[in-house]
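J.: There's a structure below that I have some questions on.
The following block contains the structure:
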């Protein structure tokens, strides 16, 4: 069983395919909440000094990462194109993940039952601890979202939430980082 405790020195954030044309076909009320949570994860990762990797599924056809997220990304975060559903099937993406030296991956993105699921499964098969922020993933239908979450959990991923991730990484109150993170999740 993978370690449930997230550690700053081991953790990184992977944002999977939160792109314009994919976002356009998502339920819009759920999309707004998911994008907010992904942005909170990005902002929190920056505060905590975690590496961030972003992927785009066939950007020529599905467009770039949503502008709201692009502006939040640090300049050091690679945004990598792919055509394989799993990020692990894309050589450049795997090289970027491996280059971080991290073995705990917080995963968020679109669609839960396709690219996010296949990535979570494949990372777990490669011995990485995978923590899926369930409130920061989405599919076009509730049934596919539910199926994706169940498949990820059966594949060894830990289902969690945006707040649980950030407060686990913090570990305690009283620091300037705590104050910033608390402000992000309000």
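Numbering (my numbering), first residue to last: 420 to 605. The beta carbon of each residue, even a glycine, is placed where N, CA and C say it ideally should be.
1) By alpha-carbon positions, which one of 445, 428, 459, 592 ends up nearest to residue 559?
2) In its own chain, which residues sit with a C-beta less than 6 Å from the C-beta of residue 529, not counting the 5 before and 5 after it?
3) What do you reckon, are the CB atoms on residue 470 and residue 514 nearer than 8 Å?
4) In three-state terms, what does DSSP make of residue 501?
5) Do you know offhand how far residue 548's Cα is from residue 447's?
6) Does DSSP put residue 467 in a helix, in a strand, or in coil?
7) Secondary structure at residue 437, three-state DSSP: helix, strand or coil?
8) With H, G and I counted as helix, E and B as strand and the rest as coil, what does DSSP make of residue 527?
9) Would the beta-carbon of residue 498 fall within 8 Å of that of residue 484?
10) Identify every residue that forms a DSSP beta bridge with residue 476.
11) At the level of alpha carbons, what is the spacing between residue 508 and residue 565?
12) Can you check whether the CB of residue 491 is closer than 8 Å to the CB of residue 458?
13) Quick check: the Cα distance between residue 465 and residue 493, rounded to an integer number of angstroms?
14) Take residue 453 as the anchor and find which of 553, 605, 595, 599 has the nearest alpha-carbon.
T.: Reading from the atomic positions:
1) Here residue 559 refers to the residue found at position 140 of the chain shown. The option with the nearest alpha carbon to residue 559 is 445.
2) Locating residue 529 in the chain shown gives position 110, counting from the first residue. Excluding positions up to five away in sequence, the list reads 436, 437, 441, 557.
3) Here the question's residue 470 lines up with position 51 in the chain shown. Here the question's residue 514 lines up with position 95 in the chain shown. No, the Cβ-Cβ distance between residue 470 and residue 514 is not below 8 Å.
4) The count along the chain shown starts at 1 and reaches residue 501 at position 82. The answer is strand: DSSP assigns residue 501 an E or B state.
5) Translated into the one-based positions of the chain shown, residue 548 becomes position 129. Translated into the one-based positions of the chain shown, residue 447 becomes position 28. The straight-line gap from Cα to Cα measures roughly 31 Å.
6) Within the chain shown, residue 467 is the residue found at index 48, counting from 1. Reduced to three states, the DSSP call for residue 467 is helix.
7) Position 18 of the chain shown, counted from the start, is the residue given in the question as residue 437. It is coil, neither helix nor strand.
8) Residue numbering aside, residue 527 sits at position 108 when the chain shown is read from its first letter. In this structure, residue 527 counts as strand in the three-state DSSP scheme.
9) Residue 498 sits at position 79 when you count from the first residue of the chain shown. Residue 484 sits at position 65 when you count from the first residue of the chain shown. In this structure, residue 484 lies closer than 8 Å to residue 498 by Cβ.
10) Taking the first residue of the chain shown as 1, we reach residue 476 at position 57. Partner(s): 501.
11) Sequence index remark: in the chain shown, residue 508 carries index 89 (1-based). Sequence index remark: in the chain shown, residue 565 carries index 146 (1-based). Their backbone Cα atoms lie some 24 Å apart in a straight line.
12) Here residue 458 is taken as the residue at index 39 of the chain shown, counted from 1. Here residue 491 is taken as the residue at index 72 of the chain shown, counted from 1. Yes, the Cβ-Cβ distance between residue 458 and residue 491 is below 8 Å.
13) Translated into the one-based positions of the chain shown, residue 465 becomes position 46. Translated into the one-based positions of the chain shown, residue 493 becomes position 74. Those two C-alpha atoms are separated by around 7 Å.
14) Along the chain shown, read from residue 1 onward, the residue named residue 453 stands at position 34. Minimum Cα distance to residue 453 is reached at 553.
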